[in-house]
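Protein chains in written order, with my numbering: chain A, 87 to 343; chain B, 87 to 343; chain C, 87 to 343; chain D, 87 to 343.
Before any comments, here is the structure.
4 protein chains.
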Amino acid sequence: MAEIDTQASLQDVALIVGGGPGISSSCARLFAKEGMRVAIAARNPDKPVLHTLEKTFGVRRYACDASDPASVELLFRNVADELGVPTLVVHNIDGRVPGIFRKGLDDVEPGMAFDTIRNSAFSAFLVGQQAARRMRENKPNANGAKGTIIFTNASAALKGFPLSSAFAMACHAKAGLAQSMARELMPEGIHVANVPIDAAIGWTQEDGTRAHRLAGTSVDDNLADPDHIAQTYLQLHRQHRSTWAFEIVLRPWVEKW
Amino acid sequence: MAEIDTQASLQDVALIVGGGPGISSSCARLFAKEGMRVAIAARNPDKPVLHTLEKTFGVRRYACDASDPASVELLFRNVADELGVPTLVVHNIDGRVPGIFRKGLDDVEPGMAFDTIRNSAFSAFLVGQQAARRMRENKPNANGAKGTIIFTNASAALKGFPLSSAFAMACHAKAGLAQSMARELMPEGIHVANVPIDAAIGWTQEDGTRAHRLAGTSVDDNLADPDHIAQTYLQLHRQHRSTWAFEIVLRPWVEKW
Amino acid sequence: MAEIDTQASLQDVALIVGGGPGISSSCARLFAKEGMRVAIAARNPDKPVLHTLEKTFGVRRYACDASDPASVELLFRNVADELGVPTLVVHNIDGRVPGIFRKGLDDVEPGMAFDTIRNSAFSAFLVGQQAARRMRENKPNANGAKGTIIFTNASAALKGFPLSSAFAMACHAKAGLAQSMARELMPEGIHVANVPIDAAIGWTQEDGTRAHRLAGTSVDDNLADPDHIAQTYLQLHRQHRSTWAFEIVLRPWVEKW
Amino acid sequence: MAEIDTQASLQDVALIVGGGPGISSSCARLFAKEGMRVAIAARNPDKPVLHTLEKTFGVRRYACDASDPASVELLFRNVADELGVPTLVVHNIDGRVPGIFRKGLDDVEPGMAFDTIRNSAFSAFLVGQQAARRMRENKPNANGAKGTIIFTNASAALKGFPLSSAFAMACHAKAGLAQSMARELMPEGIHVANVPIDAAIGWTQEDGTRAHRLAGTSVDDNLADPDHIAQTYLQLHRQHRSTWAFEIVLRPWVEKW
Numbered sequence: 087m088a089e090i091d092t093q094a095s096l097q098d099v100a101l102i103v104g105g106g107p108g109i110s111s112s113c114a115r116l117f118a119k120e121g122m123r124v125a126i127a128a129r130n131p132d133k134p135v136l137h138t139l140e141k142t143f144g145v146r147r148y149a150c151d152a153s154d155p156a157s158v159e160l161l162f163r164n165v166a167d168e169l170g171v172p173t174l175v176v177h178n179i180d181g182r183v184p185g186i187f188r189k190g191l192d193d194v195e196p197g198m199a200f201d202t203i204r205n206s207a208f209s210a211f212l213v214g215q216q217a218a219r220r221m222r223e224n225k226p227n228a229n230g231a232k233g234t235i236i237f238t239n240a241s242a243a244l245k246g247f248p249l250s251s252a253f254a255m256a257c258h259a260k261a262g263l264a265q266s267m268a269r270e271l272m273p274e275g276i277h278v279a280n281v282p283i284d285a286a287i288g289w290t291q292e293d294g295t296r297a298h299r300l301a302g303t304s305v306d307d308n309l310a311d312p313d314h315i316a317q318t319y320l321q322l323h324r325q326h327r328s329t330w331a332f333e334i335v336l337r338p339w340v341e342k343w
Numbered sequence: 087m088a089e090i091d092t093q094a095s096l097q098d099v100a101l102i103v104g105g106g107p108g109i110s111s112s113c114a115r116l117f118a119k120e121g122m123r124v125a126i127a128a129r130n131p132d133k134p135v136l137h138t139l140e141k142t143f144g145v146r147r148y149a150c151d152a153s154d155p156a157s158v159e160l161l162f163r164n165v166a167d168e169l170g171v172p173t174l175v176v177h178n179i180d181g182r183v184p185g186i187f188r189k190g191l192d193d194v195e196p197g198m199a200f201d202t203i204r205n206s207a208f209s210a211f212l213v214g215q216q217a218a219r220r221m222r223e224n225k226p227n228a229n230g231a232k233g234t235i236i237f238t239n240a241s242a243a244l245k246g247f248p249l250s251s252a253f254a255m256a257c258h259a260k261a262g263l264a265q266s267m268a269r270e271l272m273p274e275g276i277h278v279a280n281v282p283i284d285a286a287i288g289w290t291q292e293d294g295t296r297a298h299r300l301a302g303t304s305v306d307d308n309l310a311d312p313d314h315i316a317q318t319y320l321q322l323h324r325q326h327r328s329t330w331a332f333e334i335v336l337r338p339w340v341e342k343w
Numbered sequence: 087m088a089e090i091d092t093q094a095s096l097q098d099v100a101l102i103v104g105g106g107p108g109i110s111s112s113c114a115r116l117f118a119k120e121g122m123r124v125a126i127a128a129r130n131p132d133k134p135v136l137h138t139l140e141k142t143f144g145v146r147r148y149a150c151d152a153s154d155p156a157s158v159e160l161l162f163r164n165v166a167d168e169l170g171v172p173t174l175v176v177h178n179i180d181g182r183v184p185g186i187f188r189k190g191l192d193d194v195e196p197g198m199a200f201d202t203i204r205n206s207a208f209s210a211f212l213v214g215q216q217a218a219r220r221m222r223e224n225k226p227n228a229n230g231a232k233g234t235i236i237f238t239n240a241s242a243a244l245k246g247f248p249l250s251s252a253f254a255m256a257c258h259a260k261a262g263l264a265q266s267m268a269r270e271l272m273p274e275g276i277h278v279a280n281v282p283i284d285a286a287i288g289w290t291q292e293d294g295t296r297a298h299r300l301a302g303t304s305v306d307d308n309l310a311d312p313d314h315i316a317q318t319y320l321q322l323h324r325q326h327r328s329t330w331a332f333e334i335v336l337r338p339w340v341e342k343w
Numbered sequence: 087m088a089e090i091d092t093q094a095s096l097q098d099v100a101l102i103v104g105g106g107p108g109i110s111s112s113c114a115r116l117f118a119k120e121g122m123r124v125a126i127a128a129r130n131p132d133k134p135v136l137h138t139l140e141k142t143f144g145v146r147r148y149a150c151d152a153s154d155p156a157s158v159e160l161l162f163r164n165v166a167d168e169l170g171v172p173t174l175v176v177h178n179i180d181g182r183v184p185g186i187f188r189k190g191l192d193d194v195e196p197g198m199a200f201d202t203i204r205n206s207a208f209s210a211f212l213v214g215q216q217a218a219r220r221m222r223e224n225k226p227n228a229n230g231a232k233g234t235i236i237f238t239n240a241s242a243a244l245k246g247f248p249l250s251s252a253f254a255m256a257c258h259a260k261a262g263l264a265q266s267m268a269r270e271l272m273p274e275g276i277h278v279a280n281v282p283i284d285a286a287i288g289w290t291q292e293d294g295t296r297a298h299r300l301a302g303t304s305v306d307d308n309l310a311d312p313d314h315i316a317q318t319y320l321q322l323h324r325q326h327r328s329t330w331a332f333e334i335v336l337r338p339w340v341e342k343w
């Protein structure tokens with residue numbers, strides 16, 4: 087569209103924290119196609135999907151434990167040194183530990199709840215803090231922005247579902263963090279957004295079949311397509327600061343809410 | 087961007103209800119540039135700003151009292167006959183009657199409150215109903231949508247401010263309508279969105295100076311630029327149905343909220 | 087409980103607008119038992135249920151069309167003259183016109199939508215305005231309050247359900263009004279509250295059987311008991327102004343939300 | 087009031103987790119006066135204020151680190167053994183670590199954010215889990231309830247304020263937990279409530295002067311009085327299950343919101 091500033095895009099450095107085959111990969115591909123230098127960080131940067139992103143789109147892979155302050159600080163230093171200071175940071179970590187899905191309150195071991203919060207909300211704090219610290223030094227781009235920080239979230243941020251106590255805590259915490267950051271950082275020219283995805287996520291795999299996160303859900307467009315989610319992230323990044331959106335809930339047309 | 091279906095755009099018919107020099111005009115210009123056939127409806131379709139849109143962008147002008155059921159029905163019939171069934175309808179009517187702005191509860195004459203609700207919320211109902219009735223007959227486009235209905239709203243939809251009783255009612259009513267319509271129509275392939283603008287609105291006039299709605303506010307990008315609002319409306323219209331947003335609050339970077 | 091100021095109770099004048107056998111009757115009985123002088127207003131004040139309230143509890147009956155400004159003004163004048171200026175006003179009008187329940191957007195005649203808004207939200211405006219105008223002249227009671235204005239609302243105020251467009255508008259409008267009034271009037275010592283009942287309502291009839299509003303729902307405590315709703319209204323009225331609640335959503339323990 | 091079941095009160099066992107001189111002490115006093123057996127838990131149970139509660143009202147003191155799973159489990163076992171299984175549990179821990187108040191995102195050390203979440207939200211999870219586990223075995227009382235779990239919260243649960251990132255996370259997390267628990271436990275007969283106090287809190291000290299939490303705020307009823315907060319908690323505990331409130335925001339009449 088006319089409003090896209092190609093110069094700005096070429097100078098954009100995107101850092102995606104969380105390295106799965108869904109939203110993170112879709113973002114990496116789209117941002118690279120749009121001319122950004124793209125970094126992706128994961129606990130295990132050797133996953134085949136990340137190697138593919140590197141080979142095909144030049145995406146740079148980083149190892150990071152996003153719930154460890156030193157690891158996150160190092161990540162941002164390395165990205166800044168090697169690609170430049172990020173102008174677009176996506177925190178895309180779900181954080182639920184194995185076995186916690188649809189577990190009743192009584193059956194959640196405290197350690198599982200604790201780890202879910204740390205993986206999700208505390209890592210969001212660490213990534214958000216480093217991103218803000220770095221972006222503050224950027225010059226505003228053509229849209230008046232020094233940078234964009236996007237938190238992927240879930241419907242559990244909007245509503246505390248039963249059998250979801252730990253995830254409700256984590257998602258609500260992330261939403262509260264995002265809101266506080268938005269009020270604090272937007273007047274400094276840093277765009278902060280919270281994007282709850284109210285859906286299971288599904289996508290087309292390399293072999294042409296559709297993959298999706300939840301077993302047993304039908305594979306149709308009643309699953310949120312991560313390529314379309316990435317489009318919304320790009321639009322958020324390119325919004326002019328005279329009309330910034332803080333929160334966009336994305337859901338498939340047939341979703342009940 | 088890649089996802090834009092030019093064919094779809096060429097077949098798009100946009101109807102904007104409300105004919106001021108701000109958001110309505112920005113939408114009309116952008117939609118026309120994108121290849122849509124554009125209709126604009128106003129109580130007085132002879133305003134110079136509408137004639138300019140007609141001359142420069144081929145926008146078709148219609149007279150309509152949006153709070154009158156027969157007038158709204160006639161509008162949709164005429165637009166369908168002359169341009170085609172709308173695929174994008176924007177309800178962009180503020181509806182506040184003269185003198186109601188910042189009036190204490192005690193000073194609002196009941197008739198003023200009544201007219202504010204009728205102008206704003208009831209007209210939204212009439213326009214939304216006609217739009218849904220017509221769009222239902224459309225074939226889905228490349229994004230799986232039969233059409234998009236967008237309600238411009240205000241921060242009074244999110245928060246009932248003091249000295250704003252009638253407007254709080256009207257904006258909340260419009261938001262409630264939009265939500266009900268979204269839940270009812272999205273599964274039929276009609277995208278419904280509520281867009282509260284949490285800001286005063288300002289724009290560049292033909293003579294190069296900036297205009298804005300509220301006297302005494304400084305003319306800077308602390309005012310929402312209607313050209314950027316129109317961009318968000320276009321993005322909403324082009325979202326794939328696998329990831330529809332229902333509500334986007336737009337506010338300038340420096341707005342307190 | 088200790089904090090109840092019997093003197094204050096004896097001077098309390100309660101006006102309930104809306105005269106059905108559910109919440110209105112429960113409020114009338116409870117308020118009378120607590121020593122208040124009680125007025126109840128209805129379009130038809132000759133309903134047997136109101137005569138019973140008069141005979142048993144000394145409740146005064148008034149005829150009022152709550153969507154007519156002159157009628158509401160007259161009501162408040164008469165109540166003030168005959169019982170004293172109200173210190174507690176309850177707006178308890180649902181407002182849905184016959185035939186609108188669970189009607190799809192396409193099937194709602196505009197006049198039905200219009201009347202629903204007028205019956206519910208506009209009447210709330212009229213009653214709220216008169217209540218505030220009168221209460222402003224009261225002296226603060228032991229809790230620091232000049233009066234309490236309570237709006238009964240529905241879950242449609244919290245969520246725009248499908249097949250409920252007109253009611254969603256009306257309930258949202260009432261909620262917006264209540265919020266605006268609360269922000270405007272609380273600092274003047276008038277307590278304003280919005281109480282959405284997220285349930286069907288059921289009660290024990292004089293013959294010992296249970297009545298409920300919705301046919302087909304089972305008669306158990308999955309229906310909100312209006313006697314318990316009235317208790318919450320009384321508690322709201324007696325809250326000290328150092329800790330006023332604006333909104334309380336009441337729902338039965340088994341309700342899905 | 088008439089609906090109070092004295093028998094039920096005499097059998098009530100209240101456990102207050104968090105032992106300050108404000109809400110916790112007010113609750114302890116009120117609950118004891120109403121005939122409940124009362125336990126209060128604090129990291130340091132030797133504070134003079136707790137000894138006074140013991141001497142004057144027979145309140146039992148317990149040492150507990152509420153962010154430690156084993157400590158919380160032991161607390162509930164001891165209370166159950168010594169006073170009986172709790173029927174009313176109040177989690178009243180703010181959790182902010184020293185020095186975090188009004189600190190900008192950049193100045194919050196990660197460890198401070200982490201501890202704030204652990205002190206507040208994680209301890210709420212631990213207390214809520216133990217409370218639910220124990221209450222499940224209770225018989226329903228006259229109001230149909232097996233027990234009540236109340237989380238004291240702050241306005242940071244409703245809105246992420248600037249300069250409040252860690253507290254926004256913690257309070258949002260607590261709200262999400264409470265919601266999830268409410269949806270899960272209410273149908274089992276356990277009443278869960280989230281009570282954000284949108285105010286600074288102030289009270290009368292033993293020497294007759296007023297104390298308050300924030301230095302520099304005027305001591306008047308623009309501070310929430312914890313004795314009135316305790317009243318609301320008692321009312322929540324005594325609500326019949328046909329009309330349970332999940333969330334009540336309490337704010338002084340003059341508070342801006």
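The C-beta atom is built at its ideal place from N, Cα and C for all residues, glycine as well.
Remember, it's a predicted structure, so these values are computed and weren't measured experimentally.
What span of residues does the beta strand (DSSP E) with residue i cover, start to end?
{"i": "B:Val281", "result": "276-283"}
{"i": "B:Glu333", "result": "330-337"}
{"i": "C:His326", "result": "Segment: none, C:His326 is in no beta strand (DSSP E) and carries neither H nor E."}
{"i": "C:Leu174", "result": "174-177"}
{"i": "C:Arg188", "result": "First-last for C:Arg188: undefined, no H or E at that position."}
Quick one: using the 10 Å Cβ neighbour count with 16 as the cut-off for buried, is residue i buried or exposed?
{"i": "A:Arg245", "result": "For the sequence presented, residue 245 of chain A should be read as Lys rather than Arg. Buried is the call here."}
{"i": "C:Pro184", "result": "exposed"}
{"i": "C:Lys225", "result": "exposed"}
{"i": "A:Gly190", "result": "exposed"}
{"i": "D:Arg337", "result": "buried"}
{"i": "C:Arg188", "result": "exposed"}
On a Cα-Cα basis, can you pick out the residue from the options that is closest to residue i?
{"i": "A:Glu270", "options": "D:Phe247, D:Met267, D:His258", "result": "D:Phe247"}
{"i": "C:Ile287", "options": "D:Asp98, D:Thr329, D:His258", "result": "D:Thr329"}
{"i": "C:Glu274", "options": "C:Arg327, C:Glu333, C:Asp193, C:Leu212", "result": "C:Arg327"}
{"i": "D:Ser209", "options": "D:His314, D:Val124, D:Leu161", "result": "D:Leu161"}
{"i": "A:Glu120", "options": "A:Phe332, A:Trp339, A:Gln317", "result": "A:Gln317"}
{"i": "A:Pro107", "options": "A:Asn205, A:Ala127, A:Ala331", "result": "A:Ala127"}
{"i": "C:Arg220", "options": "B:Ser206, B:Asp192, B:Ala217, B:Asp201", "result": "B:Asp192"}
Just curious, the alpha helix (DSSP H) that residue i is in, first and last residue?
{"i": "A:Val135", "result": "134-143"}
{"i": "C:Asn239", "result": "Per DSSP, C:Asn239 belongs to no alpha helix (DSSP H); it is in the beta strand (DSSP E), 233-240."}
{"i": "D:Val165", "result": "155-168"}
{"i": "A:Ala264", "result": "251-271"}
**Message:** Assess contact between the segment 138-152 of chain C and the segment 332-343 of chain B, defined as three or more Cβ pairs (one per stretch) separated by less than 8 Å. Is contact present?
**Reply:** no
**Three CB pairs or more closer than 8 Å across the segment 227-240 of chain A and the segment 170-177 of chain A** = Yes, since at least three Cβ pairs between the segment 227-240 of chain A and the segment 170-177 of chain A fall closer than 8 Å, the two stretches touch.
**Every unbroken beta strand (DSSP E) within the segment 108-137 of chain D, with a cutoff of 3 residues, ordered by chain** = 123-128
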